[in-house]
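In the UniProt record's numbering, the protein residues as written are 1 to 273. Here the structure comes first, spelled out in structure tokens, and everything after it is commentary.
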């Protein structure tokens, strides 16, 4: 499992979602662009492996977070382990459960829940984000398993897939995309969480309504409105002074867009588990 980043300890599910959303959205978009044209297979035995069928195969360590059933209209956490998977395969789901026990979040301790929350958001969206937050693995795949069932994996292989070095432009783009999902409630947590989790991004300054990030190229200034939302993002020259023809974007309040990024709908299950 990927080593956890050093981030402020979130004590609520929304805090975890806020802290991970930007890097998860950025990573999922790049992941989809890299692998969407390949079929996949999985072996979920004692030495689990998930791979995309290219030459050479793109191999990942899978982590089962849970499954959704269209017939039952429910999400089932993998820590319930009704299929008897190896313990390592469901350990990330178990880590979410452990976090929920530590912070007294009873709704995350129910093994099977309706697929949509009270706000209409698919619970899989938030549950996968929680798993990504506690594990430090930021790419996922929704695998069809027959009869309207989908299994939700996190896929871990730093040697196979990693984000390119962060720049001011990529940082501004990631934060804008996160804000546009409508899932961010605390913009400060979202920006600071991205800086803590993303290699090559450093939190230089933090105020109540302004954060300044450093990257390998320029700096990125983020303004937070009175409701805690990301309101304005601009790149800024690292040396200061001269005007900069970079990104300067006002971010309107977003509406929830459902599942993160693209979930690779074109891939088909062939063999495997």
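We put the beta carbon where it would ideally sit given N, CA and C, even for glycine.
Using only the alpha-carbon positions, how far apart do residue i and residue j sit?
| i | j | result |
| --- | --- | --- |
| residue 88 | residue 63 | 8 Å |
| residue 122 | residue 135 | 21 Å |
| residue 167 | residue 202 | 11 Å |
| residue 143 | residue 39 | 11 Å |
| residue 182 | residue 124 | 16 Å |
| residue 101 | residue 79 | 13 Å |
| residue 81 | residue 90 | 7 Å |
| residue 200 | residue 35 | 24 Å |
| residue 85 | residue 229 | 41 Å |
| residue 184 | residue 117 | 16 Å |
| residue 233 | residue 46 | 46 Å |
| residue 93 | residue 158 | 20 Å |
Please classify residue i as buried or exposed, where buried requires at least 16 neighbouring CB atoms within 10 angstroms.
| i | result |
| --- | --- |
| residue 154 | buried |
| residue 15 | buried |
| residue 162 | exposed |
| residue 176 | buried |
| residue 98 | exposed |
| residue 218 | buried |
| residue 71 | exposed |
| residue 54 | exposed |
| residue 18 | buried |
| residue 139 | buried |
| residue 109 | exposed |
| residue 107 | exposed |
| residue 193 | buried |
| residue 186 | buried |
| residue 119 | exposed |
| residue 146 | exposed |
| residue 28 | buried |
| residue 225 | exposed |
| residue 95 | buried |
| residue 214 | buried |
| residue 208 | exposed |
| residue 37 | exposed |
Please classify residue i: does DSSP put it in a helix, a strand, or coil?
| i | result |
| --- | --- |
| residue 256 | Residue placement at residue 256 is flagged as unreliable, the pLDDT there being 30, under the threshold of 50; the coordinate-derived value follows with that caveat. Correct three-state label for residue 256: coil. |
| residue 138 | coil |
| residue 82 | coil |
| residue 103 | coil |
| residue 164 | coil |
| residue 326 | As displayed, the chain neither begins before 1 nor continues past 273, which places residue 326 out of reach and without an answer. |
| residue 13 | helix |
| residue 184 | coil |
| residue 110 | coil |
| residue 290 | Lying before the first or after the last residue shown, residue 290 is absent from the chain, which here runs from 1 to 273. |
| residue 196 | helix |
| residue 18 | helix |
| residue 38 | coil |
| residue 115 | coil |
| residue 154 | strand |
| residue 65 | strand |
Check whether the Cβ atoms of residue i and residue j lie closer than 8 Å to each other.
| i | j | result |
| --- | --- | --- |
| residue 32 | residue 174 | no |
| residue 235 | residue 169 | yes |
| residue 41 | residue 51 | yes |
| residue 103 | residue 11 | yes |
| residue 191 | residue 222 | yes |
| residue 68 | residue 115 | yes |
| residue 132 | residue 20 | yes |
| residue 178 | residue 74 | no |
| residue 65 | residue 113 | no |
| residue 13 | residue 130 | yes |
Under the assumption that residue i contacts residue j (Cβ atoms under 8 Å), give the Cβ distance between them as a whole number of angstroms.
| i | j | result |
| --- | --- | --- |
| residue 111 | residue 77 | 5 Å |
So is residue i in contact with chain D if we call contact Cβ pairs under 8 Å?
| i | result |
| --- | --- |
| residue 225 | No chain D appears in the structure shown, which is made up of a single protein chain. |
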